[in-house]
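Undergrad: The following block contains the structure, expressed as structure tokens.
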Amino acid sequence: MTSIKLLIIDDEVEFAATLCQRLQLRGIDATDMHSGGEGLAILKEIAPEIVILDLKMPDMSGLDVLAEIKKHDPDIEVIMLTGHGSAGAGIEAMEKGAFDYIMKPVDLQELLAKINLAVDKRSKA
Amino acid sequence: MDAMTENRIRQEQIDSYGRLMAGFAHDMKNHLGIIRESNGLMADLVEMGGLAEDEKVQERLKKSIAAIERRVVLAADMFHSLSCFSHRSDTPYSSFQLNDLIREECVFLERFSRLKQIEVVLELGDGLHALYNDPSLLHHVLYRMYNKCLTQMESGHKLLIITEQEGAKSSILFRLQATPQIDVQQLFDAPFLATIQKLDGTLEGGASTKEYTEIRLLLSSLSLEGK
Numbered sequence: 011m012t013s014i015k016l017l018i019i020d021d022e023v024e025f026a027a028t029l030c031q032r033l034q035l036r037g038i039d040a041t042d043m044h045s046g047g048e049g050l051a052i053l054k055e056i057a058p059e060i061v062i063l064d065l066k067m068p069d070m071s072g073l074d075v076l077a078e079i080k081k082h083d084p085d086i087e088v089i090m091l092t093g094h095g096s097a098g099a100g101i102e103a104m105e106k107g108a109f110d111y112i113m114k115p116v117d118l119q120e121l122l123a124k125i126n127l128a129v130d131k132r133s134k135a
Numbered sequence: 003m004d005a006m007t008e009n010r011i012r013q014e015q016i017d018s019y020g021r022l023m024a025g026f027a028h029d030m031k032n033h034l035g036i037i038r039e040s041n042g043l044m045a046d047l048v049e050m051g052g053l054a055e056d057e058k059v060q061e062r063l064k065k066s067i068a069a070i071e072r073r074v075v076l077a078a079d080m081f082h083s084l085s086c087f088s089h090r091s092d093t094p095y096s097s098f099q100l101n102d103l104i105r106e107e108c109v110f111l112e113r114f115s116r117l118k119q120i121e122v123v124l125e126l127g128d129g130l131h132a133l134y135n136d137p138s139l140l141h142h143v144l145y146r147m148y149n150k151c152l153t154q155m156e157s158g159h160k161l162l163i164i165t166e167q168e169g170a171k172s173s174i175l176f177r178l179q180a181t182p183q184i185d186v187q188q189l190f191d192a193p194f195l196a197t198i199q200k201l202d203g204t205l206e207g208g209a210s211t212k213e214y215t216e217i218r219l220l221l222s223s224l225s226l227e228g229k
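See below:
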């Protein structure tokens, strides 16, 4: 999975930074941002292929950030992070254009599998 | 204060507890997320030889990391169940799967049976129709039934919880191993029996043999179209 450009947007700084390091150790070009606003501001600069996006953040909801990302570039695949008990929130995000969702705490192998699928989808598009 | 106002206050109180617990479960999952990622990063570094060169130290670290991961997964499952459980009071009436409701509640009930050394076995049937009912109230009913069953049983036996579809009804059967016959009308108090009525349910004694005795709760299911 070399050279995949990936952006993590999550207000839990330690979580985002550690996940970012783990993805970097696996050869992914990962960057972490800690608010919806920061994440959207850096989109142009880093041009990510994949965004891992928290559903609940203080400054903007994940669904609003998702809409802005899709407006900026509809080809960016977004995987939502949700701490909600039911799958409802994740499914709602998929209906609004997210590629997939994953429950917190994240199983890295599951996340890597979803990243691979998202990359496959982009390459076929 | 009239009974209606008192009921409304009680309902609001339950709603508040639900929201507080759901928020708590959400925050705990965030903490677990950080613990899991930090632990995962340590595992990555050990794998790459970046934390310790000594093989014995590496093995010890790997064991600790694996133990933390196991406990995080267990705790995350519990908080996931707490989250589902708490959100049940968001909508007083909704359609839901009976088996989901039982699974999420049993995560918390398990400790009561463990303390009494009773093994609880879930035999949740396939293809049950969805229910349209008050899930939070049904949680309460299951809690009361579960605990009543435990009070009737001796340590060292099994309590089976079996769900199945019986025509237009979904059945929850509590099978108490090595327990004498029970008169359900005597076992439960009048307010509890009224709660069962509110759920449009029927509580009855099932079979009673030398090996076991049964208590059955029957609830109306949605039609097949609503499954």
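As you go down the protein sequences, you meet chains A and B in turn.
Count along the first sequence from 1, then add 10; that gives the number in this note's numbering.
Count along the second sequence from 1, then add 2; that gives the number in this note's numbering.
All C-beta atoms, glycine included, are put in the ideal place defined by N, C-alpha and C.
These figures come from a predicted structure and were not determined experimentally.
Residues of chain B with CB closer than 8 Å to the CB of Phe109 of chain A, please, in chain order.
TA: Going along chain B, no residue has its Cβ under 8 Å from Phe109 of chain A, so there is no contact; the nearest lies around 20 Å.
Undergrad: From the DSSP output, read off the bridge partner residues of Arg177 of chain B.
TA: Answer is B:Leu162, B:Glu216.
Undergrad: Pick helix, strand or coil for Ile14 of chain A, following the three-state DSSP scheme.
TA: Coil, per DSSP.
Undergrad: If you run the structure through DSSP and keep just helix, strand and coil, what is Phe109 of chain A?
TA: In the structure shown, Phe109 of chain A sits in coil (DSSP, three-state: anything other than H, G, I, E or B).
Undergrad: Nearest to Gln99 of chain B by CA position, among B:Glu156, B:Gln167, B:Leu76, B:Met30, is which residue?
TA: Among B:Glu156, B:Gln167, B:Leu76, B:Met30, the Cα nearest to that of Gln99 of chain B belongs to B:Gln167.
Undergrad: Taking three-plus beta-carbon pairs below 8 Å as touching, is the segment 171 to 191 of chain B in contact with the segment 209 to 226 of chain B?
TA: Segments in contact, yes.
Undergrad: What is the residue span of the alpha helix (DSSP H) that Glu112 of chain B lies within?
TA: Taken as a continuous stretch (DSSP letters only), the alpha helix (DSSP H) holding Glu112 of chain B covers 100 to 117.
Undergrad: Tell me the residue span of the alpha helix (DSSP H) that contains Asp79 of chain B.
TA: Unbroken alpha helix (DSSP H) run through Asp79 of chain B: 57 to 89.
Undergrad: Please confirm whether Ile174 of chain B has its beta-carbon closer than 8 Å to some beta-carbon of chain A.
TA: By this cut-off, Ile174 of chain B is not an interface position.
Undergrad: Where DSSP assigns a beta bridge to Ile19 of chain A, which residues make up the other side?
TA: DSSP output for Ile19 of chain A lists A:Met43, A:Leu63 as bridge partner(s).
Undergrad: Considering Cα atoms alone, identify which of A:His94, A:Phe109, A:Gly98 is closest to Leu76 of chain A.
TA: If we check each option's Cα against that of Leu76 of chain A, A:Phe109 comes out closest.
Undergrad: Going along the chain, which residues of its own chain have a beta-carbon closer than 7 Å to the beta-carbon of Leu226 of chain B, five neighbours each way excluded?
TA: The pLDDT assigned to Leu226 of chain B is 48, lower than 50, so where the model puts this residue is not dependable; a value taken from the coordinates is nonetheless given after this. The residues are His131.
Undergrad: Which residues of chain A have a Cβ atom closer than 7 Å to the Cβ of Val74 of chain B, listed in chain order?
TA: Pro115, listed in chain order.
Undergrad: Since Asp46 of chain B meets chain A, which of its residues come closer than 7 Å, beta carbon to beta carbon?
TA: Neighbours of Asp46 of chain B on chain A, chain order: Arg32, Leu35.
Undergrad: Return the bridge partner residues of Ser223 of chain B from the DSSP annotation.
TA: According to DSSP, Ser223 of chain B bridges with B:Leu133.
Undergrad: For Glu166 of chain B, decide whether its Cβ has a neighbour in chain A, counting only Cβ atoms nearer than 8 Å.
TA: No, because no Cβ of chain A sits closer than 8 Å to the Cβ of Glu166 of chain B.
Undergrad: Taking Met90 of chain A as part of the beta strand (DSSP E), name the residues at either end of that continuous run.
TA: Run containing Met90 of chain A: 87 to 92, per the beta strand (DSSP E) assignment.
Undergrad: Which first and last residues belong to the beta strand (DSSP E) in which Val122 of chain B is found?
TA: Looking at the DSSP string, the run of the beta strand (DSSP E) that includes Val122 of chain B is 121 to 126.
Undergrad: What separation, rounded to the nearest whole angstrom, lies between the Cα atoms of Tyr111 of chain A and Ala103 of chain A?
TA: Computed Cα separation, rounded: 8 Å.
Undergrad: Which residues share a DSSP beta bridge with Glu39 of chain B?
TA: The partner list for Glu39 of chain B (beta bridge, DSSP) is empty, contrary to what the question assumes.
Undergrad: Quick check on DSSP: helix, strand or coil for Leu201 of chain B?
TA: Coil, per DSSP.
Undergrad: To the nearest angstrom, how far is the alpha carbon of Pro182 of chain B from that of Leu22 of chain B?
TA: The straight-line gap from Cα to Cα measures roughly 41 Å.
Undergrad: Could you check which residue in A:Glu48, A:Ile60, A:Gly72 has the C-alpha nearest to that of Leu127 of chain A?
TA: Comparing Cα positions, the closest option is A:Ile60.
Undergrad: Taking DSSP's pairing of strands, which residues face Gln167 of chain B in a bridge?
TA: B:Ser172, per the DSSP bridge assignment.
Undergrad: Tell me the rounded alpha-carbon separation between Glu14 of chain B and Ala24 of chain B.
TA: Going from the Cα of Glu14 of chain B to the Cα of Ala24 of chain B covers about 15 Å.
Undergrad: Count the other CB atoms within 10 Å of the CB of Thr93 of chain B; is the residue buried (16 or more) or exposed (fewer)?
TA: Under this definition Thr93 of chain B is an exposed residue.
Undergrad: So if DSSP puts Gly208 of chain B in a beta bridge, which residue, or which two residues, is it bridged to?
TA: Looking at the DSSP assignment, Gly208 of chain B forms no beta bridge with any residue, so it has no partner.
Undergrad: To which residues of the same chain is Glu49 of chain B closer than 8 Å at the C-beta, ignoring the five residues directly before and after it?
TA: Excluding residues within five positions, none has a Cβ falling inside 8 Å.
Undergrad: State yes or no: is the beta carbon of Met11 of chain A nearer than 8 Å to at least one beta carbon in chain B?
TA: Residue placement at Met11 of chain A is flagged as unreliable, the pLDDT there being 47, under the threshold of 50; a coordinate-derived value is accordingly withheld.
Undergrad: Is Ala27 of chain B near Phe81 of chain B, with beta carbons less than 8 Å apart?
TA: Result yes, Cβ atoms of Ala27 of chain B and Phe81 of chain B sit closer than 8 Å.
Undergrad: Work out the CA separation of Leu17 of chain A and Val137 of chain A for me, nearest whole Å.
TA: Residue 137 of chain A lies beyond the range of chain A shown here (11 to 135); nothing can be said about it.
Undergrad: Sorted by chain position, which residues of the same chain lie with C-beta nearer than 7 Å to Arg146 of chain B's C-beta, five sequence neighbours on each side aside?
TA: The residues are Phe194.
Undergrad: Select from A:Asp42, A:Met90, A:Ala97, A:Leu50 the residue whose C-alpha is nearest the C-alpha of Glu78 of chain A.
TA: Of A:Asp42, A:Met90, A:Ala97, A:Leu50, the residue nearest in Cα terms is A:Leu50.
Undergrad: Mind checking Met155 of chain B: buried by the 16 CB within 10 Å criterion, or exposed?
TA: It counts as buried.
Undergrad: Could you check whether Phe87 of chain B and His141 of chain B sit closer than 8 Å to each other, using their CB atoms as the reference points?
TA: Going by C-beta atoms, His141 of chain B is nearer than 8 Å to Phe87 of chain B.
Undergrad: Is it buried or exposed, Met11 of chain A, if we count other Cβ atoms within 10 angstroms and call 16 or more buried?
TA: Model confidence at Met11 of chain A stands at a pLDDT of 47, short of 50, so the residue's coordinates are unreliable and nothing is read from them.
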